[in-house]
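All the letters of the sequence shown, read from the start, carry residue numbers 188 to 279 under our numbering. Cβ atoms here follow ideal geometry from the backbone N, Cα and C, with glycine treated the same way. Everything below concerns the one structure shown next.
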Amino acid sequence: KCKVFSITRKRYPIVAEYVIDAQALQHVPSQKDLGVTVSSDLTWTIHIHEKITKANRMLGMLKRSTVHVRNASTRRSLYLALVRSHLAYASQ
Numbered sequence: 188k189c190k191v192f193s194i195t196r197k198r199y200p201i202v203a204e205y206v207i208d209a210q211a212l213q214h215v216p217s218q219k220d221l222g223v224t225v226s227s228d229l230t231w232t233i234h235i236h237e238k239i240t241k242a243n244r245m246l247g248m249l250k251r252s253t254v255h256v257r258n259a260s261t262r263r264s265l266y267l268a269l270v271r272s273h274l275a276y277a278s279q
């Protein structure tokens, strides 16, 4: 369950081995906390890619399932709840 996540902008970071109960901890290049993925160089590329992928899946599902819905207000409400909420989470 424990992992090592080092934050640095160095091209070749210093890598130390951490051991707990005679087991070496795994080094990871990114970590997800409270739904936000941060990479070791503090860029948001991985997080943004994950959110766009999830929003596109939800948008595709929404398009397929609301073919017969003509009311624009209903479509907008569904879009805001199912798609935009994924894009807006942790954006402020």
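- Here the alpha carbon of K219 sits roughly 9 angstroms from the alpha carbon of H234.
- Among the bridge pairs identified by DSSP, H214 is matched with V191.
- Proximity to L274 across Y199, S227, K238, A211 peaks at K238, based on C-alpha coordinates.
- When the beta-carbon positions are compared, T253 and S227 stay at least 8 angstroms from each other.
- Taken in chain order, the complete alpha helix (DSSP H) segments of 4 residues or longer contained in the segment 198-267 are 232-252, 259-266.
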